[in-house]
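Okay, so here's the structure we're looking at.
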Amino acid sequence: MLANLSEGDLRLLRVFAKVVEAGGFSAAQIELNVSQSTISTHMTALEQRLGVRLCERGRAGFSLTEKGKLIYQASQRLFSAVDEFRSAAGAARSSLVGTLSIGIIDNLITNPACRLQQAISKFNQKAPEVQISVQVTSPTEIEQAVLEGRHDLGFGACGRHSPYLTYEDLFEERQVLYCGRGHPLFERSNDVTLDDLKEQQFARRAYTAPNQFPSGVSLTSTAIADLMESVAVFILSGRFIGFLPVHFAQQWVAQDLMRPLLEQRLGYQNPIYLTMRKTEQKKPLLSAFLDTVYAVHRAVPETTRTKKPKLINA
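Using our numbering, you'd call the opening residue of the sequence shown number 563 and step up by one each time.
In C-alpha coordinates form, the structure reads like this:
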(Lines of atoms letter the chains of each structure in order from A and count residues from 1; the text may use other names and numbers.)
(Lines give C-alpha, C1' and ligand atoms only; values in the text may rest on other atoms or scores of the structure.)
Protein backbone atom coordinates (compact mmCIF):
# COMPACT_ATOMS: atom_id res chain seq x y z
CA MET A 1 0.00 0.00 0.00
CA LEU A 2 2.84 2.37 0.83
CA ALA A 3 4.09 2.20 -2.76
CA ASN A 4 0.72 2.42 -4.48
CA LEU A 5 -2.22 3.94 -2.58
CA SER A 6 -5.40 3.34 -4.58
CA GLU A 7 -8.99 4.51 -4.30
CA GLY A 8 -9.82 1.01 -3.03
CA ASP A 9 -7.27 1.44 -0.23
CA LEU A 10 -8.91 4.73 0.75
CA ARG A 11 -12.29 2.98 0.93
CA LEU A 12 -10.82 0.28 3.19
CA LEU A 13 -9.28 2.93 5.44
CA ARG A 14 -12.60 4.75 5.70
CA VAL A 15 -14.32 1.50 6.73
CA PHE A 16 -11.59 1.01 9.34
CA ALA A 17 -12.10 4.56 10.66
CA LYS A 18 -15.88 4.03 10.94
CA VAL A 19 -15.33 0.79 12.86
CA VAL A 20 -12.96 2.53 15.28
CA GLU A 21 -15.34 5.45 15.82
CA ALA A 22 -18.31 3.11 16.32
CA GLY A 23 -16.35 0.95 18.76
CA GLY A 24 -16.57 -2.34 16.88
CA PHE A 25 -17.82 -4.27 13.86
CA SER A 26 -21.37 -4.77 15.10
CA ALA A 27 -21.90 -1.12 16.02
CA ALA A 28 -20.54 0.02 12.62
CA GLN A 29 -23.05 -2.02 10.60
CA ILE A 30 -25.82 0.57 10.69
CA GLU A 31 -23.66 3.53 9.70
CA LEU A 32 -21.86 1.62 6.94
CA ASN A 33 -25.07 -0.17 5.84
CA VAL A 34 -23.23 -3.46 5.27
CA SER A 35 -23.18 -6.79 7.10
CA GLN A 36 -20.73 -7.62 9.85
CA SER A 37 -19.17 -10.32 7.66
CA THR A 38 -18.54 -7.74 4.91
CA ILE A 39 -16.87 -5.41 7.41
CA SER A 40 -14.71 -8.31 8.62
CA THR A 41 -13.69 -9.07 5.03
CA HIS A 42 -12.74 -5.41 4.45
CA MET A 43 -10.70 -5.31 7.65
CA THR A 44 -8.85 -8.50 6.76
CA ALA A 45 -8.06 -7.10 3.31
CA LEU A 46 -6.75 -3.87 4.85
CA GLU A 47 -4.53 -5.74 7.32
CA GLN A 48 -3.12 -7.79 4.46
CA ARG A 49 -2.43 -4.64 2.42
CA LEU A 50 -0.69 -2.98 5.36
CA GLY A 51 1.00 -6.09 6.70
CA VAL A 52 0.02 -5.32 10.31
CA ARG A 53 -2.63 -6.43 12.78
CA LEU A 54 -4.94 -3.46 13.34
CA CYS A 55 -7.33 -4.70 16.01
CA GLU A 56 -8.36 -7.54 18.25
CA ARG A 57 -11.89 -8.82 17.80
CA GLY A 58 -13.65 -11.70 19.44
CA ARG A 59 -15.44 -12.63 22.64
CA ALA A 60 -13.32 -10.18 24.63
CA GLY A 61 -14.62 -7.36 22.44
CA PHE A 62 -13.08 -4.91 20.01
CA SER A 63 -9.79 -3.13 20.74
CA LEU A 64 -7.10 -1.46 18.65
CA THR A 65 -3.53 -2.69 18.65
CA GLU A 66 -0.79 -0.11 19.11
CA LYS A 67 -0.11 -0.23 15.36
CA GLY A 68 -3.84 0.07 14.76
CA LYS A 69 -3.89 3.29 16.78
CA LEU A 70 -1.06 4.67 14.65
CA ILE A 71 -2.82 3.72 11.42
CA TYR A 72 -6.09 5.31 12.60
CA GLN A 73 -4.33 8.58 13.48
CA ALA A 74 -2.48 8.55 10.15
CA SER A 75 -5.74 7.85 8.27
CA GLN A 76 -7.35 10.92 9.84
CA ARG A 77 -4.48 13.07 8.60
CA LEU A 78 -4.79 11.44 5.18
CA PHE A 79 -8.55 12.12 4.96
CA SER A 80 -7.95 15.72 5.98
CA ALA A 81 -5.25 16.10 3.31
CA VAL A 82 -7.52 14.59 0.64
CA ASP A 83 -10.33 16.98 1.58
CA GLU A 84 -7.91 19.90 1.55
CA PHE A 85 -6.73 18.92 -1.92
CA ARG A 86 -10.31 18.66 -3.17
CA SER A 87 -11.08 22.10 -1.76
CA ALA A 88 -7.99 23.60 -3.35
CA ALA A 89 -8.72 21.91 -6.68
CA GLY A 90 -12.29 23.18 -6.53
CA ALA A 91 -11.06 26.69 -5.75
CA ALA A 92 -8.79 26.49 -8.79
CA ARG A 93 -11.86 25.98 -10.98
CA SER A 94 -13.92 28.44 -8.92
CA SER A 95 -16.12 25.84 -7.27
CA LEU A 96 -16.18 24.22 -3.82
CA VAL A 97 -16.00 20.45 -3.51
CA GLY A 98 -15.25 17.99 -0.73
CA THR A 99 -16.88 17.07 2.57
CA LEU A 100 -17.90 19.16 5.56
CA SER A 101 -18.65 17.46 8.88
CA ILE A 102 -20.52 19.44 11.55
CA GLY A 103 -21.21 18.40 15.14
CA ILE A 104 -24.04 20.07 17.06
CA ILE A 105 -25.55 19.72 20.53
CA ASP A 106 -29.05 18.31 20.75
CA ASN A 107 -32.17 20.47 20.34
CA LEU A 108 -30.14 23.42 19.12
CA ILE A 109 -32.45 23.74 16.13
CA THR A 110 -35.37 24.76 18.37
CA ASN A 111 -33.48 27.94 19.29
CA PRO A 112 -34.61 30.75 16.92
CA ALA A 113 -31.15 32.31 17.24
CA CYS A 114 -29.41 29.23 15.80
CA ARG A 115 -30.09 29.76 12.06
CA LEU A 116 -27.89 26.79 11.13
CA GLN A 117 -30.56 25.55 8.72
CA GLN A 118 -30.51 28.88 6.87
CA ALA A 119 -26.72 28.75 6.63
CA ILE A 120 -26.80 25.21 5.21
CA SER A 121 -29.48 26.22 2.70
CA LYS A 122 -27.51 29.20 1.39
CA PHE A 123 -24.24 27.27 1.35
CA ASN A 124 -25.77 24.37 -0.57
CA GLN A 125 -27.10 26.80 -3.19
CA LYS A 126 -23.61 28.09 -3.96
CA ALA A 127 -21.70 24.84 -3.31
CA PRO A 128 -24.02 21.94 -4.28
CA GLU A 129 -21.09 19.53 -4.78
CA VAL A 130 -20.04 19.68 -1.13
CA GLN A 131 -21.22 16.71 0.93
CA ILE A 132 -22.42 18.00 4.32
CA SER A 133 -22.74 15.78 7.39
CA VAL A 134 -24.50 16.92 10.59
CA GLN A 135 -24.27 14.78 13.73
CA VAL A 136 -25.95 15.45 17.07
CA THR A 137 -23.87 14.65 20.15
CA SER A 138 -22.78 15.91 23.57
CA PRO A 139 -20.64 19.07 24.06
CA THR A 140 -17.65 17.05 25.27
CA GLU A 141 -17.82 14.68 22.30
CA ILE A 142 -18.07 17.60 19.88
CA GLU A 143 -14.75 19.03 21.08
CA GLN A 144 -13.08 15.61 20.98
CA ALA A 145 -14.37 14.92 17.47
CA VAL A 146 -13.12 18.32 16.23
CA LEU A 147 -9.72 17.71 17.83
CA GLU A 148 -9.44 14.30 16.15
CA GLY A 149 -10.58 15.64 12.77
CA ARG A 150 -13.86 13.71 12.70
CA HIS A 151 -15.73 17.04 12.63
CA ASP A 152 -14.57 20.17 10.83
CA LEU A 153 -16.76 22.42 12.93
CA GLY A 154 -18.73 22.16 16.15
CA PHE A 155 -21.73 24.08 17.52
CA GLY A 156 -21.84 23.63 21.28
CA ALA A 157 -21.86 25.00 24.81
CA CYS A 158 -19.72 25.02 27.94
CA GLY A 159 -16.40 24.35 26.27
CA ARG A 160 -13.12 26.24 25.88
CA HIS A 161 -10.80 23.56 27.16
CA SER A 162 -8.30 22.84 24.40
CA PRO A 163 -5.44 25.15 23.36
CA TYR A 164 -5.58 23.57 19.89
CA LEU A 165 -9.12 24.80 19.17
CA THR A 166 -10.65 28.23 18.65
CA TYR A 167 -13.98 29.07 20.24
CA GLU A 168 -16.23 31.73 18.82
CA ASP A 169 -19.33 32.92 20.67
CA LEU A 170 -22.12 33.14 18.09
CA PHE A 171 -25.30 33.54 20.14
CA GLU A 172 -26.74 32.76 23.56
CA GLU A 173 -29.55 30.67 24.98
CA ARG A 174 -31.23 31.27 28.31
CA GLN A 175 -31.07 28.41 30.82
CA VAL A 176 -33.70 28.16 33.58
CA LEU A 177 -34.22 25.73 36.47
CA TYR A 178 -37.37 23.57 36.11
CA CYS A 179 -39.37 20.99 38.02
CA GLY A 180 -41.97 18.62 36.57
CA ARG A 181 -45.57 17.84 37.44
CA GLY A 182 -45.67 15.63 40.53
CA HIS A 183 -42.57 17.23 42.05
CA PRO A 184 -42.99 18.59 45.63
CA LEU A 185 -42.23 22.13 44.39
CA PHE A 186 -44.51 22.06 41.34
CA GLU A 187 -47.73 23.39 42.91
CA ARG A 188 -45.94 26.25 44.67
CA SER A 189 -43.34 27.02 42.02
CA ASN A 190 -44.02 30.78 42.30
CA ASP A 191 -43.19 30.82 46.03
CA VAL A 192 -40.06 28.66 46.07
CA THR A 193 -37.01 29.91 48.00
CA LEU A 194 -33.35 28.92 47.87
CA ASP A 195 -33.81 27.00 51.11
CA ASP A 196 -36.49 24.88 49.42
CA LEU A 197 -33.91 23.69 46.88
CA LYS A 198 -31.51 22.26 49.45
CA GLU A 199 -33.43 19.02 49.89
CA GLN A 200 -34.13 18.42 46.19
CA GLN A 201 -32.55 15.92 43.81
CA PHE A 202 -30.74 17.61 40.92
CA ALA A 203 -30.14 16.25 37.41
CA ARG A 204 -26.64 17.46 36.65
CA ARG A 205 -24.76 17.65 33.36
CA ALA A 206 -22.15 15.02 32.54
CA TYR A 207 -19.97 17.81 31.17
CA THR A 208 -18.69 21.10 32.62
CA ALA A 209 -21.56 23.54 33.10
CA PRO A 210 -21.92 26.83 35.00
CA ASN A 211 -22.83 26.45 38.67
CA GLN A 212 -25.64 28.94 39.30
CA PHE A 213 -26.41 27.94 42.87
CA PRO A 214 -25.28 30.39 45.57
CA SER A 215 -22.84 29.35 48.26
CA GLY A 216 -24.49 27.09 50.80
CA VAL A 217 -26.96 25.55 48.37
CA SER A 218 -25.71 22.01 47.77
CA LEU A 219 -28.02 19.63 45.92
CA THR A 220 -28.01 15.84 45.75
CA SER A 221 -27.04 14.77 42.23
CA THR A 222 -28.30 11.23 41.69
CA ALA A 223 -29.04 11.77 37.99
CA ILE A 224 -26.44 12.48 35.29
CA ALA A 225 -27.27 13.55 31.73
CA ASP A 226 -25.11 14.40 28.73
CA LEU A 227 -27.92 15.71 26.49
CA MET A 228 -30.74 18.21 27.06
CA GLU A 229 -33.33 15.57 26.26
CA SER A 230 -31.88 13.40 29.02
CA VAL A 231 -32.25 16.26 31.52
CA ALA A 232 -35.87 16.71 30.38
CA VAL A 233 -36.60 13.04 31.04
CA PHE A 234 -35.45 13.38 34.64
CA ILE A 235 -37.44 16.59 35.17
CA LEU A 236 -40.61 15.11 33.67
CA SER A 237 -40.30 12.15 36.05
CA GLY A 238 -41.35 14.54 38.82
CA ARG A 239 -38.42 13.52 40.98
CA PHE A 240 -35.66 15.89 39.88
CA ILE A 241 -35.01 19.54 39.15
CA GLY A 242 -32.64 20.63 36.40
CA PHE A 243 -31.63 23.40 34.00
CA LEU A 244 -32.98 23.46 30.44
CA PRO A 245 -32.88 26.02 27.61
CA VAL A 246 -36.08 28.07 27.67
CA HIS A 247 -36.76 27.45 23.96
CA PHE A 248 -36.59 23.67 24.54
CA ALA A 249 -38.60 23.54 27.79
CA GLN A 250 -41.38 25.74 26.42
CA GLN A 251 -43.24 22.79 24.86
CA TRP A 252 -43.75 21.21 28.32
CA VAL A 253 -44.34 24.53 30.08
CA ALA A 254 -47.18 25.20 27.62
CA GLN A 255 -48.76 21.88 28.63
CA ASP A 256 -48.19 22.66 32.33
CA LEU A 257 -45.94 19.61 32.65
CA MET A 258 -42.97 21.76 33.74
CA ARG A 259 -42.70 24.97 35.72
CA PRO A 260 -39.71 27.31 36.17
CA LEU A 261 -38.13 27.81 39.60
CA LEU A 262 -36.52 31.08 40.72
CA GLU A 263 -36.19 32.13 37.09
CA GLN A 264 -34.96 35.65 37.80
CA ARG A 265 -32.56 34.55 40.53
CA LEU A 266 -31.01 31.46 38.94
CA GLY A 267 -31.66 31.84 35.19
CA TYR A 268 -28.59 32.61 33.09
CA GLN A 269 -27.42 33.18 29.53
CA ASN A 270 -25.30 30.34 28.16
CA PRO A 271 -23.07 31.04 25.12
CA ILE A 272 -23.29 28.80 22.07
CA TYR A 273 -19.94 28.70 20.33
CA LEU A 274 -18.39 27.57 17.09
CA THR A 275 -15.26 25.52 17.56
CA MET A 276 -12.65 24.42 15.03
CA ARG A 277 -9.00 23.45 14.89
CA LYS A 278 -6.70 26.46 14.76
CA THR A 279 -4.88 24.97 11.79
CA GLU A 280 -8.09 24.59 9.77
CA GLN A 281 -9.44 28.16 9.84
CA LYS A 282 -8.06 29.20 6.44
CA LYS A 283 -9.16 26.13 4.47
CA PRO A 284 -11.30 27.32 1.54
CA LEU A 285 -14.24 25.01 2.20
CA LEU A 286 -14.52 25.71 5.92
CA SER A 287 -13.85 29.41 5.42
CA ALA A 288 -16.65 29.64 2.85
CA PHE A 289 -19.12 27.92 5.17
CA LEU A 290 -18.15 30.17 8.09
CA ASP A 291 -18.70 33.22 5.89
CA THR A 292 -22.21 31.93 5.19
CA VAL A 293 -22.88 31.34 8.91
CA TYR A 294 -21.78 34.89 9.74
CA ALA A 295 -23.84 36.31 6.86
CA VAL A 296 -27.12 34.75 8.03
CA HIS A 297 -26.50 36.00 11.55
CA ARG A 298 -25.71 39.51 10.33
CA ALA A 299 -29.03 39.44 8.47
CA VAL A 300 -30.89 39.22 11.79
CA PRO A 301 -32.10 42.66 13.00
CA GLU A 302 -29.82 44.07 15.70
CA THR A 303 -32.72 44.24 18.16
CA THR A 304 -33.35 40.50 17.96
CA ARG A 305 -29.79 39.22 17.61
CA THR A 306 -28.74 37.58 20.87
CA LYS A 307 -25.00 37.99 20.49
CA LYS A 308 -22.44 39.33 18.04
CA PRO A 309 -19.79 36.82 16.91
CA LYS A 310 -16.67 37.21 18.99
CA LEU A 311 -13.48 35.19 18.49
CA ILE A 312 -12.04 33.63 21.63
CA ASN A 313 -8.83 31.62 21.76
CA ALA A 314 -8.55 29.03 24.53
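No residue lacks a Cβ here, since even glycine has one placed at the ideal position from N, Cα and C.
The structure presented is a predicted model; accordingly, all values stated were derived computationally and were not measured.
Check	Outcome
Could you give the first and the last residue of the continuous alpha helix (DSSP H) run that contains residue 816?	808-816
Quick one: any contact between the stretch 755-772 and the stretch 824-841, if contact means 3 or more CB pairs under 8 Å?	yes
Return the residue from the list 609, 606, 626 that minimises the CA-CA distance to residue 585.	626
Cβ of residue 581 within 8 Å of Cβ of residue 601?	yes
Helix, strand or coil for residue 762, going by three-state DSSP, please let me know.	coil
Could you give the first and the last residue of the continuous beta strand (DSSP E) run that contains residue 737?	727-742
Quick check for students: name the residue ranges of the alpha helix (DSSP H) that lie wholly in the stretch 590-628, counting only runs of 4 or more.	598-612
Among residues of its own chain, excluding the 5 on either side of residue 590, which ones have a beta-carbon nearer than 7 Å to its beta-carbon?	580, 581, 584, 601
Helix, strand or coil, according to DSSP, for residue 630 in the structure here?	helix
With a threshold of 8 Å on Cβ separation, who are the neighbours of residue 748 within its own chain once the five nearest residues in sequence on each side are excluded?	741, 742, 800, 821
Rounded to the nearest angstrom, how far is the Cβ of residue 604 from that of residue 574, given a contact under 8 Å?	6 Å
Is residue 802 helix, strand or coil when you go by DSSP?	strand
Distance, Cα to Cα, residue 674 vs residue 767?	23 Å
Please report how far the alpha carbon of residue 663 lies from the alpha carbon of residue 834, in whole angstroms.	18 Å
With a threshold of 16 other CB atoms inside 10 Å of the CB of residue 818, please say whether the residue is buried or exposed.	exposed
Report, in whole angstroms, the separation of the C-beta atoms of residue 840 and residue 727, which I expect to be a contact under 8 Å.	7 Å
Have a look at residue 599 and residue 616 and give me their C-alpha separation to the nearest angstrom.	17 Å
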